[in-house]
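Engineer: In case it helps, the numbering used here puts the sequence shown at residues 3 to 341. Ideal placement from N, C-alpha and C gives every residue a C-beta, glycine not left out. These numbers come from a predicted model, not from an experiment. The following block contains the structure, expressed as structure tokens.
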Amino acid sequence: MKAIVHRDHGGPDVLRLVERDLPEPGPGEVRVRVAVSAVNPTDVQGRSGNHGPRQFPEVIPHLDGAGVIDAVGEGVDRSRIGERVWLYLAAAGRPTGTAAEFTTVPADQAVPLPEQAGFEVGAALGVPALTAHRALTVAEDGPRRLRPGSMEGKVVLAAGGAGAVGHAVIQLARWAGATVISTVSGPDKARLATAAGAHHVVNYREGDPAAEIRTFAPDGVDLVAEVALGANLALDLAVLRPRGTISTYANDGGKPVELNVPQNMVLNTRLQFLVLYTAGPQARAAAVADVAAAVRDGALPVGEAHGLPLIRFPLDRTADAHRAMERGTVGKVLVDVAW
Ligand SMILES: NC(=O)c1ccc[n+]([C@@H]2O[C@H](COP(=O)([O-])OP(=O)(O)OC[C@H]3O[C@@H](n4cnc5c(N)ncnc54)[C@H](OP(=O)(O)O)[C@@H]3O)[C@@H](O)[C@H]2O)c1
Numbered sequence: 003m004k005a006i007v008h009r010d011h012g013g014p015d016v017l018r019l020v021e022r023d024l025p026e027p028g029p030g031e032v033r034v035r036v037a038v039s040a041v042n043p044t045d046v047q048g049r050s051g052n053h054g055p056r057q058f059p060e061v062i063p064h065l066d067g068a069g070v071i072d073a074v075g076e077g078v079d080r081s082r083i084g085e086r087v088w089l090y091l092a093a094a095g096r097p098t099g100t101a102a103e104f105t106t107v108p109a110d111q112a113v114p115l116p117e118q119a120g121f122e123v124g125a126a127l128g129v130p131a132l133t134a135h136r137a138l139t140v141a142e143d144g145p146r147r148l149r150p151g152s153m154e155g156k157v158v159l160a161a162g163g164a165g166a167v168g169h170a171v172i173q174l175a176r177w178a179g180a181t182v183i184s185t186v187s188g189p190d191k192a193r194l195a196t197a198a199g200a201h202h203v204v205n206y207r208e209g210d211p212a213a214e215i216r217t218f219a220p221d222g223v224d225l226v227a228e229v230a231l232g233a234n235l236a237l238d239l240a241v242l243r244p245r246g247t248i249s250t251y252a253n254d255g256g257k258p259v260e261l262n263v264p265q266n267m268v269l270n271t272r273l274q275f276l277v278l279y280t281a282g283p284q285a286r287a288a289a290v291a292d293v294a295a296a297v298r299d300g301a302l303p304v305g306e307a308h309g310l311p312l313i314r315f316p317l318d319r320t321a322d323a324h325r326a327m328e329r330g331t332v333g334k335v336l337v338d339v340a341w
């Protein structure tokens with residue numbers, strides 16, 4: 003099979019197209035013929051060496067993807083052969099990600115993809131959707147699970163709603179019945195966040211964003227899903243309601259976080275940090291189940307018309323896909339492997 007591999011950490015040039023033997027699924031695993039592989043910031047960070055020393059002599063990158071199960075290992079129901087699936091965390095703790103014609107994963111990391119959802123939808127789910135689910139389900143007063151109506155009456159602020167995770171935050175919160183406000187840095191991103199389903203969009207670089215957000219949420223925001231905590235903490239606290247939650251999945255821009263302890267005490271703020279890798283099996287299983295339900299409802303579409311432009315590369319140009327992500331390309335970077 004054709005596969006992209008890297009043996010060293012470094013820039014996109016370390017990625018090479020090679021021929022490798024077809025992998026055999028081990029006990030409890032499935033083998034998937036990959037249609038679309040997705041690039042996430044974490045894949046680029048892993049390739050660069052930002053995740054620490056090399057664990058394996060050779061790595062096929064990419065956590066997320068979608069395709070069709072073509073073989074199963076011992077203990078897995080053979081009726082799954084032929085099933086369309088989306089994959090998450092494929093390369094987490096393993097050297098075999100989705101940037102290859104075939105990959106193997108534990109059977110529960112291959113989730114049924116309904117016929118009406120394209121492989122590009124499936125490949126775009128994984129990291130962004132599961133992270134968004136976690137961000138939306140950590141408030142003191144719930145909900146712990148997402149389903150239509152579970153966030154009815156809640157106001158969610160999606161920071162940077164034109165980003166891949168921000169997009170999933172908007173879509174999942176909207177599906178769950180929340181009122182969704184998104185911050186963006188300009189008119190193009192405003193258009194994307196609106197297309198994703200945000201009820202209100204606020205340019206965080208202009209005017210008085212806190213006052214503008216307050217006009218949409220006079221009693222304050224229930225939950226902020228935050229991508230840049232250092233840059234936005236003051237804004238978040240200016241719009242958060244008492245006992246509200248700030249769930250932080252990144253600190254883009256790297257601005258140090260200055261915590262005003264008395265202000266947070268008075269607000270009874272819940273400040274929740276999260277990273278998908280260590281969210282724990284319960285949170286992960288809940289996220290997978292709820293995201294799968296949202297996909298069945300057609301609530302997580304992708305593409306420019308739905309607020310997430312797709313930037314696609316063939317497998318042999320995976321290095322260019324990584325370069326596109328490093329340049330900060332707006333939208334979802336995908337690698338077409340087959341079909
Ligand atoms: N914790 C986890 O498990 C987890 C999971 C997935 C991703 N992440 C991390 O989350 C970050 C985003 O990932 P992604 O895939 O969504 O990337 P992305 O598609 O590049 O989106 C990043 C978004 O953040 C916005 N942004 C940056 N600074 C901002 C600010 N000060 N205020 C508001 N928005 C701001 C950007 O918009 P503007 O440029 O217009 O501001 C952009 O839309 C990355 O650092 C990634 O590593 C963490």
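So if DSSP puts N205 in a beta bridge, which residue, or which two residues, is it bridged to?
Structural biologist: Looking at the DSSP assignment, N205 forms a beta bridge with V186.
Engineer: Figure out for me which residue from V78, V167, G12 has the closest Cα to the Cα of V107.
Structural biologist: V78
Engineer: Any idea which residues DSSP pairs K156 with across the strands?
Structural biologist: Within the DSSP bridge table, the entry for K156 names no partner.
Engineer: Below 8 angstroms on the Cβ atoms is my guess for P244 versus L269; work out the distance and round it to an integer in Å.
Structural biologist: The distance from the Cβ of P244 to that of L269 is about 6 angstroms, consistent with a contact at the 8 angstroms cut-off.
Engineer: Are the beta-carbon atoms of T247 and E142 separated by less than 8 angstroms?
Structural biologist: A contact, by the Cβ cut-off of 8 angstroms.
Engineer: Confirm the yes/no value for this check: CB of S187, any heavy atom of ligand 1, distance under 7 angstroms.
Structural biologist: yes
Engineer: Does the distance between the C-beta of V290 and the nearest non-hydrogen atom of ligand 1 fall short of 7 angstroms?
Structural biologist: no
Engineer: How is I83 classed by DSSP in three states: helix, strand or coil?
Structural biologist: coil
Engineer: Whole angstroms are fine: how far does the CA of R176 sit from the CA of L138?
Structural biologist: Distance from the CA of L138 to the CA of R176, rounded to the nearest whole angstrom, comes to 11 angstroms.
Engineer: Looking at L302 and V123, is the spacing between their C-beta atoms short of 8 angstroms?
Structural biologist: yes
Engineer: Can you give me the Cβ contacts of G151 inside the same chain, cut-off strictly under 8 angstroms, excluding the 5 residues immediately before and after it?
Structural biologist: A178, G179
Engineer: Return the Cβ separation of T185 and G163 in integer angstroms, given the expectation that the two are a contact with Cβ distance under 8 angstroms.
Structural biologist: Separation of the CB atoms of T185 and G163 is rounded to 7 angstroms, and the pair is thereby assigned contact status at 8 angstroms.
Engineer: Using a Cβ distance threshold of 8 angstroms, determine whether the segment 274 to 287 contacts the segment 253 to 263, with at least three qualifying pairs required.
Structural biologist: no
Engineer: According to DSSP, simplified to helix, strand and coil, what is A200?
Structural biologist: coil
Engineer: Run the proximity test for V204: is its beta-carbon closer than 7 angstroms to any non-hydrogen atom belonging to ligand 1?
Structural biologist: Checking the Cβ of V204 against ligand 1 gives no.
Engineer: How would you write the range of the alpha helix (DSSP H) that I62 sits in, first residue to last?
Structural biologist: It is not in any alpha helix (DSSP H) - I62 carries neither H nor E in the DSSP assignment.
Engineer: What is the residue span of the alpha helix (DSSP H) that R272 lies within?
Structural biologist: Counting along the chain, R272 falls outside any alpha helix (DSSP H), though it belongs to the beta strand (DSSP E) covering 272 to 275.
Engineer: Following a CB-centred definition, is A233 positioned closer than 7 angstroms to any heavy atom of ligand 1?
Structural biologist: yes
Engineer: Using the C-alpha atoms, what's the distance from G255 back to E76?
Structural biologist: 46 angstroms
Engineer: If we count Cβ pairs, one from each stretch, closer than 8 angstroms, do we get three or more for the segment 304 to 313 versus the segment 158 to 174?
Structural biologist: Proximity of the segment 304 to 313 to the segment 158 to 174 meets the contact definition, three or more beta-carbon pairs being nearer than 8 angstroms.
Engineer: Out of Y251, V293, L239, which has the shortest C-alpha to C-alpha gap to M267?
Structural biologist: L239
Engineer: Under the rule that 16 or more other beta-carbon atoms within 10 Å means buried, what is S81, buried or exposed?
Structural biologist: exposed
Engineer: Report the rounded CA-to-CA distance for L17 versus T320, giving the unit in angstroms.
Structural biologist: 7 angstroms
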